[in-house]
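Those sequence lines, one after another, are chains A and B.
When you line the first sequence up against this note's numbering, it's residues 1 to 346, in that order.
When you line the second sequence up against this note's numbering, it's residues 347 to 692, in that order.
Shown next, in structure tokens, is the structure this report addresses.
2 protein chains.
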Amino acid sequence: MGTRDRQRRVTITDVAEHAQVSTTAVSKVLRNAYGVSEAMRTKVQAAIDELGYRPHNAARAMRGRTFTIGVLLPHIRNPFFADILDGLTDEISPSGYQAIMVQSGGHDPAAERRASDALVDRQVDGVLWVAPVCTRGQLEKLAKDIPLVVLGRHDRSALYDCVLDDDEVGAELVVKHLITLGHRRIAHITQKDTVGGRAIALLHTIRAATYERVMTEHGLADHVAVAATAYTEEGGYDGARELLARDPRPTAIFAGADQAAFGALAAVHEAGLSVPGDISVAGYDNARLTGLAHVALTSVDQDGAIMGQTAGRLLLERIAGRTAAVRFSVTPALVARRSTASPGER
Amino acid sequence: MGTRDRQRRVTITDVAEHAQVSTTAVSKVLRNAYGVSEAMRTKVQAAIDELGYRPHNAARAMRGRTFTIGVLLPHIRNPFFADILDGLTDEISPSGYQAIMVQSGGHDPAAERRASDALVDRQVDGVLWVAPVCTRGQLEKLAKDIPLVVLGRHDRSALYDCVLDDDEVGAELVVKHLITLGHRRIAHITQKDTVGGRAIALLHTIRAATYERVMTEHGLADHVAVAATAYTEEGGYDGARELLARDPRPTAIFAGADQAAFGALAAVHEAGLSVPGDISVAGYDNARLTGLAHVALTSVDQDGAIMGQTAGRLLLERIAGRTAAVRFSVTPALVARRSTASPGER
DNA sequence: GATAAGTTGGGTAACGTTATCCATCCTGTC
DNA sequence: GACAGGATGGATAACGTTACCCAACTTATC
Numbered sequence: 001m002g003t004r005d006r007q008r009r010v011t012i013t014d015v016a017e018h019a020q021v022s023t024t025a026v027s028k029v030l031r032n033a034y035g036v037s038e039a040m041r042t043k044v045q046a047a048i049d050e051l052g053y054r055p056h057n058a059a060r061a062m063r064g065r066t067f068t069i070g071v072l073l074p075h076i077r078n079p080f081f082a083d084i085l086d087g088l089t090d091e092i093s094p095s096g097y098q099a100i101m102v103q104s105g106g107h108d109p110a111a112e113r114r115a116s117d118a119l120v121d122r123q124v125d126g127v128l129w130v131a132p133v134c135t136r137g138q139l140e141k142l143a144k145d146i147p148l149v150v151l152g153r154h155d156r157s158a159l160y161d162c163v164l165d166d167d168e169v170g171a172e173l174v175v176k177h178l179i180t181l182g183h184r185r186i187a188h189i190t191q192k193d194t195v196g197g198r199a200i201a202l203l204h205t206i207r208a209a210t211y212e213r214v215m216t217e218h219g220l221a222d223h224v225a226v227a228a229t230a231y232t233e234e235g236g237y238d239g240a241r242e243l244l245a246r247d248p249r250p251t252a253i254f255a256g257a258d259q260a261a262f263g264a265l266a267a268v269h270e271a272g273l274s275v276p277g278d279i280s281v282a283g284y285d286n287a288r289l290t291g292l293a294h295v296a297l298t299s300v301d302q303d304g305a306i307m308g309q310t311a312g313r314l315l316l317e318r319i320a321g322r323t324a325a326v327r328f329s330v331t332p333a334l335v336a337r338r339s340t341a342s343p344g345e346r
Numbered sequence: 347m348g349t350r351d352r353q354r355r356v357t358i359t360d361v362a363e364h365a366q367v368s369t370t371a372v373s374k375v376l377r378n379a380y381g382v383s384e385a386m387r388t389k390v391q392a393a394i395d396e397l398g399y400r401p402h403n404a405a406r407a408m409r410g411r412t413f414t415i416g417v418l419l420p421h422i423r424n425p426f427f428a429d430i431l432d433g434l435t436d437e438i439s440p441s442g443y444q445a446i447m448v449q450s451g452g453h454d455p456a457a458e459r460r461a462s463d464a465l466v467d468r469q470v471d472g473v474l475w476v477a478p479v480c481t482r483g484q485l486e487k488l489a490k491d492i493p494l495v496v497l498g499r500h501d502r503s504a505l506y507d508c509v510l511d512d513d514e515v516g517a518e519l520v521v522k523h524l525i526t527l528g529h530r531r532i533a534h535i536t537q538k539d540t541v542g543g544r545a546i547a548l549l550h551t552i553r554a555a556t557y558e559r560v561m562t563e564h565g566l567a568d569h570v571a572v573a574a575t576a577y578t579e580e581g582g583y584d585g586a587r588e589l590l591a592r593d594p595r596p597t598a599i600f601a602g603a604d605q606a607a608f609g610a611l612a613a614v615h616e617a618g619l620s621v622p623g624d625i626s627v628a629g630y631d632n633a634r635l636t637g638l639a640h641v642a643l644t645s646v647d648q649d650g651a652i653m654g655q656t657a658g659r660l661l662l663e664r665i666a667g668r669t670a671a672v673r674f675s676v677t678p679a680l681v682a683r684r685s686t687a688s689p690g691e692r
């Protein structure tokens with residue numbers, strides 16, 4: 001440990017001595033527990049302030065709560081996650097809770113498992129898991145130990161709460177928007193399933209299925225064209241190249257995520273085609289960059305801040321004792337920008 | 347706490363019983379401590395695997411290490427931070443360490459303070475602080491308690507290590523690139539200082555100062571034009587509008603960060619001007635999106651993964667006992683793309 | 001004025017781990 | 001064969017906090 005001379009921390013005992021009371025009394029004040037007079041509260045609070053005492057989290061974790069919420073994110077490259085986190089923080093910090101994040105690593109279930117273990121080992125009071133790829137069984141196993149809210153999955157479970165975007169509505173908005181503009185050959189870029197049948201609950205599956213449904217409902221079943229790559233720039237690039245090579249070429253591409261739409265835009269430009277003159281492109285997520293004047297991507301806005309805020313509220317409720325499962329769905333909205341137009345129009 | 351029936355955790359005692367040895371022996375095996383025979387090691391390890399034991403982090407924190415590195419990020423909207431985090435994770439996970447992230451909130455020193463306290467309270471073994479805005483004194487105070495590596499600040503201190511990009515080299519590359527292309531009226535977008543004199547150490551100050559130095563060295567002192575807004579899209583947008591309104595108009599804009607460059611691009615397009623026909627635009631950071639075909643932003647690449655990896659190594663060294671301060675500087679490289687060209691050229 | 005009921009404050013045993021001792025046991029050495 | 005010295009394993013006291021008790025006191029009730 002080296003010779004670092006960490007000055008000894010101020011403990012609850014120091015505060016108790018300084019205020020001439022017992023450690024129990026101090027602990028009660030800290031936890032807003034029953035059985036503390038107003039006089040006691042002010043006296044102890046004064047000592048706390050005077051000594052600059054802060055509770056030792058690890059010691060707390062041995063007995064009670066840690067006042068920590070663990071957030072599992074696949075990665076931190078998607079600005080949508082930042083919105084979620086901000087919403088969560090707004091909701092939980094007034095109650096003295098702190099959010100800590102851990103990267104779960106996206107597709108690799110083993111890495112994801114390690115990340116979730118890391119939070120459990122650190123005794124967080126609750127977990128917000130964004131876009132998990134593991135099985136529902138594993139989520140339920142975790143939920144038995146710790147209050148859990150899952151964000152961005154269409155699973156149903158009696159053991160944890162779900163916060164999700166209504167991807168069916170969102171995808172329908174995009175496809176109908178393109179149809180209304182006059183497009184018929186509308187293609188879709190989705191994510192390739194890495195895992196088997198259980199993927200049904202994942203949001204990209206919903207978006208892809210809705211795309212096919214709406215196309216079929218409008219008599220465009222023959223024009224369904226799907227490239228299964230990934231919700232990344234590279235995936236969008238590869239997917240768009242694949243779709244553009246088809247004959248006849250689609251006049252519109254609906255990418256299941258903005259990141260993929262960015263990649264698709266690059267591929268379209270590279271092919272010497274113009275947007276929206278030759279090809280309309282639409283995304284999903286309404287990431288910050290979509291709004292920039294030179295990108296102006298049509299997208300679907302899901303209010304990440306509200307989702308994060310709700311997740312926070314649900315976690316606090318669960319920590320307080322609620323056991324019944326709750327499901328919260330956000331209705332998304334279409335944001336039409338200049339990347340989509342009627343086919344043939346400039 | 348509700349009626350959740352958390353099944354009791356497997357503890358070191360359970361492992362000891364199962365392996366018919368003392369808890370001390372198990373602890374020694376876990377920590378690779380001295381005084382354990384090969385036979386003992388395998389026996390204990392077998393029991394650990396069989397019972398699926400995982401060390402209880404909070405309990406560890408009471409006595410020894412937590413095997414946790416805390417990472418303070420201003421926010422998670424900058425993909426450059428993701429590179430840093432990935433590099434850090436690669437470096438520390440083989441040693442059994444786990445990184446947890448906390449948002450420090452950017453400009454607000456009070457929020458930053460709360461975030462850093464949160465990590466200290468959670469007994470992390472070391473802290474990587476990315477782009478702190480607090481005073482050097484506060485950093486040193488923290489460094490007295492916990493091994494600290496600061497990333498992205500040009501401070502010097504005997505108490506903590508620094509990992510930084512050589513912003514002087516990077517900024518010089520950009521300005522010289524533009525001058526070589528034939529530009530003379532080169533403007534710069536920088537960040538407005540929120541805090542007083544100490545800001546000298548922050549990277550935007552270095553980039554701005556270098557811009558002025560190189561301009562002056564090339565006899566272009568009269569053409570120096572700086573807009574002090576912020577390293578955000580909005581800041582870039584506002585800054586570019588301000589610069590474009592000047593007479594004579596600059597022929598090139600060097601934005602101190604890619605995010606600002608994106609905003610500047612939007613403003614240029616909105617003004618009906620073309621890039622690079624009318625205006626060349628360059629950024630700094632080489633964020634992922636800069637490479638996309640339809641953005642193609644000239645930028646400066648600083649290898650975030652290497653920086654994160656180095657930070658991880660330095661932290662492990664400090665945890666192991668090193669006390670001498672180290673300073674690690676990464677030399678950046680220019681990535682010229684289509685957003686810059688000779689003035690008047692199309 | 002005796003008793004019950006409620007309020008307030010404190011003593012203390014955990015929680016799971018580690019580090020410092022200490023007690024063996026084994027292996028050479030003279 | 002006595003003894004030193006190293007290797008190995010274990011007992012045990014912390015670490016800072018909380019929650020379950022119980023004791024003492026105050027107020028209400030008959």
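Idealized CB from N, CA, C, for every residue including glycine.
Please read all numbers here as calculations on a predicted model, not as lab measurements.
Where residue i meets chain B, residues with beta-carbon distance less than 8 Å
i             : result
residue 62/A  : 404, 405 and 408
residue 45/A  : In chain order: nothing, as chain B lies at least about 18 Å away.
residue 233/A : 634, 635 and 638
For residue i, the three-state DSSP class (helix, strand or coil)
i             : result
residue 349/A : Here chain A comprises residues numbered 1 to 346, so residue 349/A is not present and cannot be evaluated.
residue 472/B : strand
residue 497/B : strand
residue 467/B : helix
residue 532/B : strand
residue 776/B : Residue coverage of chain B in this structure runs from 347 to 692, which leaves residue 776/B outside it and unanswerable.
residue 334/A : strand
residue 543/B : Unreliable positioning characterises residue 543/B in this predicted model, as indicated by a pLDDT of 48, which lies under 50. The coordinate reading is nonetheless provided below. Helix, per DSSP.
residue 292/A : coil
residue 548/B : strand
residue 33/A  : coil
residue 479/B : coil
residue 322/A : coil
residue 145/A : helix
residue 108/A : coil
residue 139/A : helix
residue 402/B : coil
residue 661/B : helix
residue 17/A  : helix
One or two residues paired with residue i in a DSSP bridge
i             : result
residue 417/B : 447/B and 474/B
residue 229/A : 191/A
residue 254/A : 188/A and 282/A
residue 508/B : 496/B and 673/B
residue 116/A : Answer is none; residue 116/A lacks a bridge partner.
residue 299/A : 335/A
Interface partners of residue i on chain B, CB under 9 Å
i             : result
residue 54/A  : 463, 466 and 467
residue 340/A : Neighbours of residue 340/A on chain B: none; closest Cβ ~15 Å, over 9 Å.
residue 309/A : Those do not exist, as residue 309/A stays about 15 Å from chain B at its closest Cβ, beyond 9 Å.
residue 138/A : Those do not exist, as residue 138/A stays about 14 Å from chain B at its closest Cβ, beyond 9 Å.
Rounded distance between the beta-carbons of residue j and residue i, thought under 8 Å
i             : j             : result
residue 103/A : residue 403/B : About 18 Å; that fails the 8 Å criterion.
residue 494/B : residue 488/B : 6 Å
residue 371/B : residue 362/B : 7 Å
residue 315/A : residue 126/A : 4 Å
residue 451/B : residue 420/B : 7 Å
Partner residues on chain B for residue i, Cβ-Cβ distance less than 7 Å
i             : result
residue 302/A : Near residue 302/A there are no residues of chain B at all, since even the closest Cβ is about 17 Å away, more than 7 Å.
residue 20/A  : Within 7 Å Cβ-Cβ: nothing; residue 20/A doesn't reach chain B, min ~26 Å.
Quiz prompt | Residues of the stretch 446-480 of chain B whose Cβ lies closer than 7 Å to any Cβ of chain A, in chain order | solution = 446, 447, 448, 449, 463, 464, 467, 468 and 469
Practice problem: Name, going along the chain, the residues of the stretch 618-641 of chain B whose beta-carbon falls closer than 9 Å to a beta-carbon of chain A. | Solution: 621, 634, 635, 637, 638, 639, 640 and 641
Exercise. Pull out every residue of the stretch 156-184 of chain A whose Cβ sits closer than 7 Å to any Cβ of chain B, in chain order.
Key: none
Practice problem: With 7 Å as the limit, tell me which residues of the stretch 69-88 of chain A have their beta carbon closer than that to any beta carbon of chain B; keep them in chain order. | Solution: 75, 76, 77, 79, 81, 82 and 85
Quiz item: Between the stretch 242-272 of chain A and chain B, which residues of the former have CB atoms less than 7 Å from a CB of the latter, in chain order?
Solution: 262, 265, 266, 269 and 270
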